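Here the structure is laid out as structure tokens; the discussion comes afterwards.
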């Protein structure tokens with residue numbers, strides 16, 4: 001029989017067919033509730049039959065729920081196995097498991113954090129300041145009419161990534177773009193090719209496809225292939241001309257030169273302005289550079305009051321363009337007495353930085369074309385200014401002798417003395433093997449093996465030499481030690497300390513996420529490593545769980561210094577490198593970066609350890625970069641991130657590098673003093689007496705059970721490289 005259940009207040013139903021029984025014809029609402037609660041006693045055969053139907057349905061529902069729960073368990077187990085396999089075998093960015101923009105947020109909200117795949121670092125060719133021509137006419141410029149100029153500018157401003165560039169940079173990019181034409185049906189960009197050119201389409205229509213499947217048709221002012229201007233990468237789609245197309249193009253090297261040059265010129269100009277101000281002139285060069293980074297350009301129109309007499313203010317101004325007039329209002333009158341004119345290079349409001357709030361004069365824009373001022377407020381000024389002698393570094397160089405003694409122990413070790421036990425990991429340039437020295441079974445080492453031909457192909461020679469130098473000198477218990485290097489015709493080798501507790505990434509993958517206390521311990525280990533590196537002006541640039549290894553006690557050590565670089569005091573570096581989810585905005589925008597980029601990545605690491613996924617995650621690198629450029633404030637934090645943890649993450653991931661905690665007056669100690677670390681035993685961490693949250697099981701010096709299993713290298717030996725670039729390795 002059909003059974004109709006009508007809810008209270010429902011709209012009138014059609015009259016049931018003959019032979020149909022309704023609850024309302026059997027029972028009142030209280031009796032119905034008793035049936036559902038299994039406490040109703042039937043009083044007729046009809047009601048007893050009805051009870052049997054209800055109970056049978058209930059049993060069926062319970063059976064289906066058990067089956068569903070069992071399927072969920074099976075899915076979770078299969079996903080865990082899949083994650084392990086995908087962490088070993090190459091992962092296609094375009095597979096069905098790739099994340100979509102915003103997917104990370106949805107998965108975190110539902111409590112099912114998506115485990116990202118093992119991340120690979122990426123890098124452009126290193127570029128030095130000396131390689132950039134700073135003369136105005138150094139870059140080639142190509143004639144174009146006003147319509148084309150406006151079209152290119154419009155396309156750039158309409159592009160999610162390129163719209164973040166400064167207007168002066170956009171102007172230079174427009175100047176340097178050259179014309180190219182493609183006939184109908186010709187390939188403009190081929191999927192899988194290594195790209196170095198970005199295009200702006202002016203005329204024609206193109207088809208976009210991936211893996212042979214049509215994606216879209218484009219026409220009008222559009223930017224094509226913008227990822228290629230950041231670093232050496234494979235094209236992710238094919239673009240074919242449907243009709244004859246006219247495009248404008250720019251090479252990556254030209255783009256990066258524009259970005260670097262404009263940044264250096266701006267920094268030099270701002271620093272020169274600051275040196276002309278009495279309260280700044282005696283400050284160290286690196287402090288002046290920090291201040292120049294936080295100066296904000298502000299524009300005023302003719303007649304605007306920039307400062308009003310008697311008003312309260314906490315900002316200081318330097319005129320970079322135009323002129324202003326200074327007036328003072330006479331007592332008991334509305335008249336303003338002219339005092340003087342200030343021009344480019346002059347400044348006003350310096351007393352506001354020293355605590356005097358009341359303005360003593362009017363400052364009025366007096367240029368028909370307006371005035372541009374460089375502005376800094378008191379709070380920012382106070383955060384940056386400090387007596388550098390007050391900042392003590394716990395890691396002095398008294399341990400140089402100890403490090404030298406360690407290196408001397410391995411002077412006579414040859415490559416042929418090493419015996420391979422197992423593979424610990426696979427990286428961008430080769431593999432890491434667990435090895436022992438013949439005749440010494442009491443200890444083991446990690447041997448990093450890198451293909452020379454691949455290093456040359458990707459132009460990473462400078463990075464590899466820098467890695468050897470930095471790791472060879474480092475003597476910090478939170479950094480993996482490098483003991484000796486070798487080379488032959490095909491490979492470079494680095495003999496390092498082995499950490500058999502495994503990668504932090506593997507543990508995070510298996511546990512999905514960490515609690516507050518566990519995250520705090522691992523973050524503190526990284527802070528200790530950064531304190532050592534940053535006190536020596538070394539920037540790390542590749543922080544992520546994959547590069548954090550646990551020793552047998554459970555302490556974390558930083559490994560893989562392929563992107564690390566020693567900076568000159570107060571200077572920046574310009575090479576795009578890092579892991580997409582972890583790179584700071586200034587790296588993406590090629591504005592120059594320094595140790596402050598490491599503090600950004602520290603905030604990202606905290607978020608990933610607490611949730612299982614980084615805060616900035618897209619389906620491909622360019623989408624990830626666009627999410628990063630929207631800032632940390634656009635990210636929804638899960639409720640299980642505590643208020644204090646959230647506060648620290650947001651203070652580390654500020655868009656402006658100079659505003660990041662750790663980079664300001666108190667240095668990295670400001671991170672250690674943050675309330676998220678309240679009660680944390682820093683001295684115990686430094687002395688290695690603090691109990692780690694996770695103690696790995698390591699049964700012997702050759703126990704590799706904490707690492708994934710890796711297949712043999714399918715590519716075989718690489719070709720010889722005898723160019724000699726590695727003679728000092």
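Numbering (UniProt numbering), first residue to last: 1 to 729. C-beta atoms are modelled at their ideal positions from N, C-alpha and C, and glycine is treated no differently. On a predicted model such as this, the values are computed, not experimentally measured, just so you know.
- [ ] Pick out the complete alpha helix (DSSP H) segments inside the region 167-212, 4 residues or longer, and give them in chain order.
- [x] Taken in chain order, the unbroken stretches of alpha helix (DSSP H) that lie wholly in the region 167-212 and span 4 residues or more are 167-176.
TODO: Assign residue 320 to one of three DSSP states: helix, strand, or coil.
DONE: In the structure shown, residue 320 sits in a strand (DSSP, three-state: E or B).
TODO: Using the Cα positions of residue 314 and residue 282, report the straight-line distance between them to the nearest angstrom.
DONE: In a straight line, the C-alpha of residue 314 is about 22 Å away from that of residue 282.
- [ ] Please classify residue 347: does DSSP put it in a helix, a strand, or coil?
- [x] Assigned with DSSP and collapsed to three states, residue 347 falls in strand.
Task: For residue 218, three-class secondary structure by DSSP - done: DSSP, reduced to helix, strand and coil, places residue 218 within a strand of the structure shown.
Task: According to DSSP, residues forming a beta bridge with residue 363 - done: Looking at the DSSP assignment, residue 363 forms a beta bridge with 307, 326.
- [ ] Would you mind listing the beta strand (DSSP E) stretches within the region 446-512 that are 3+ residues and don't spill past its ends, in chain order?
- [x] Whole beta strand (DSSP E) segments, 3+ residues: 482-487, 491-497.
- [ ] Would you check if the region 463-477 and the region 556-564 touch, i.e. whether three or more CB-CB distances between them fall below 8 Å?
- [x] The region 556-564, when compared against the region 463-477, does touch it at the 8 Å Cβ threshold.
Open item on the list: For residue 248, report the span of its beta strand (DSSP E) as first-last.
Closed with: Secondary structure note for residue 248: its beta strand (DSSP E) is the uninterrupted segment 245-251.
Open item on the list: Using the Cβ count rule (16 or more neighbours within 10 Å means buried), how would you classify residue 541?
Closed with: That one is buried.
- [ ] Please classify residue 333: is it buried, with 16 or more other beta-carbons within 10 angstroms of its beta-carbon, or exposed?
- [x] Result: exposed.
Open item on the list: Tell me the DSSP secondary structure of residue 300 in three-state form.
Closed with: DSSP places residue 300 in strand when its eight states are reduced to three.
TODO: For residue 163, collect the residues of the same chain with a Cβ closer than 6 Å to its Cβ; drop the 5 residues on either side in sequence, then sort them by chain order.
DONE: Here the set comprises 157.
Open item on the list: DSSP three-state label for residue 338, please.
Closed with: In the structure shown, residue 338 sits in a strand (DSSP, three-state: E or B).
- [ ] Starting from residue 516, trace the alpha helix (DSSP H) both ways and give me its first and last residue.
- [x] Taken as a continuous stretch (DSSP letters only), the alpha helix (DSSP H) holding residue 516 covers 516-534.
Task: Three-pair Cβ contact test at 8 Å for the region 260-269 versus the region 165-185 - done: Contact between the region 260-269 and the region 165-185 is present, because at least three Cβ pairs lie under 8 Å.
Open item on the list: Tell me the DSSP secondary structure of residue 431 in three-state form.
Closed with: Strand at residue 431.
Open item on the list: Give me the residue from 422, 696, 460, 638 with the minimum Cα distance to residue 556.
Closed with: The closest CA to that of residue 556, considering only 422, 696, 460, 638, is found on 696.
Open item on the list: Can you find the residues in the same chain that come closer than 6 Å, C-beta to C-beta, to residue 441, ignoring five residues on each side of it along the sequence?
Closed with: Result list for residue 441: empty, nothing under 6 Å.
Task: Residue closest to residue 416, alpha-carbon to alpha-carbon, out of 691, 676, 175, 436 - done: For the residues 691, 676, 175, 436, the minimum Cα distance to residue 416 belongs to 436.
TODO: Rank 482, 327, 590, 599 by C-alpha distance to the C-alpha of residue 524 and give the top, closest one.
DONE: When each option's Cα is compared against that of residue 524, the closest is 599.
Open item on the list: Do residue 448 and residue 490 count as a contact pair if the criterion is CB distance below 8 Å?
Closed with: For residue 490 and residue 448, no; Cβs fall outside 8 Å.
TODO: Leaving out five residues on either side along the sequence, give the residues of the same chain with a beta carbon under 6 Å from the beta carbon of residue 191.
DONE: Taken in chain order, the residues that qualify are 235, 237, 238.
Task: Continuous beta strand (DSSP E) stretch holding residue 145: start and end - done: Run containing residue 145: none; DSSP gives neither H nor E here.
- [ ] In angstroms with no decimal places, state the Cα-to-Cα distance between residue 74 and residue 506.
- [x] So the two alpha carbons sit approximately 21 Å from each other.
TODO: Ignoring anything shorter than 3 residues or poking outside the region 551-592, list the beta strand (DSSP E) runs there in chain order.
DONE: The region 551-592 contains these whole beta strand (DSSP E) runs: 556-558.
Open item on the list: Are there any heavy atoms of the ligand SAH lying less than 7 Å away from the beta-carbon of residue 430, as far as the coordinates show?
Closed with: With respect to the ligand SAH, the structure offers nothing, as it holds no ligand at all.
Task: Contact between the region 617-630 and the region 225-234 (3+ Cβ pairs under 8 Å) - done: Between the region 617-630 and the region 225-234, the count of C-beta pairs closer than 8 Å reaches three or more; the two stretches touch.
Task: Assigned exposure category for residue 214 - 16 Cβ within 10 Å defines buried - done: By the 10 Å Cβ count, residue 214 comes out exposed.
Task: Residues near residue 289 in its chain [Cβ-Cβ closer than 7 Å; skip 5 each side] - done: Answer for residue 289: 267, 271, 570, listed in chain order.
TODO: Specify, as a first and last residue, the run of the alpha helix (DSSP H) that residue 652 falls within.
DONE: Judged by DSSP secondary structure, residue 652 falls within the alpha helix (DSSP H) whose first and last residues are 643-652.
TODO: Could you tell me whether the region 491-502 touches the region 660-675, using the rule of 3 or more Cβ pairs below 8 Å?
DONE: A contact is defined here as three or more CB-CB pairs under 8 Å, and the region 491-502 fails this definition with respect to the region 660-675.
Task: Anticipated Cβ contact below 8 Å, residue 139 with residue 199, distance rounded - done: Cβ-Cβ separation between residue 139 and residue 199: approximately 18 Å, too far for a contact (criterion under 8 Å).
Open item on the list: For residue 259 and residue 425, I'd like the C-alpha separation in whole angstroms.
Closed with: When the Cα atoms are used, residue 259 and residue 425 turn out to be separated by approximately 36 Å.
- [ ] Could you tell me the boundaries of the beta strand (DSSP E) in which residue 374 lies?
- [x] If you look at residue 374, you'll find it in the beta strand (DSSP E) that goes 371-377.
TODO: Determine the contact status of residue 121 and residue 499, defining contact as a CB-CB distance below 8 Å.
DONE: No, the Cβ-Cβ distance between residue 121 and residue 499 is not below 8 Å.
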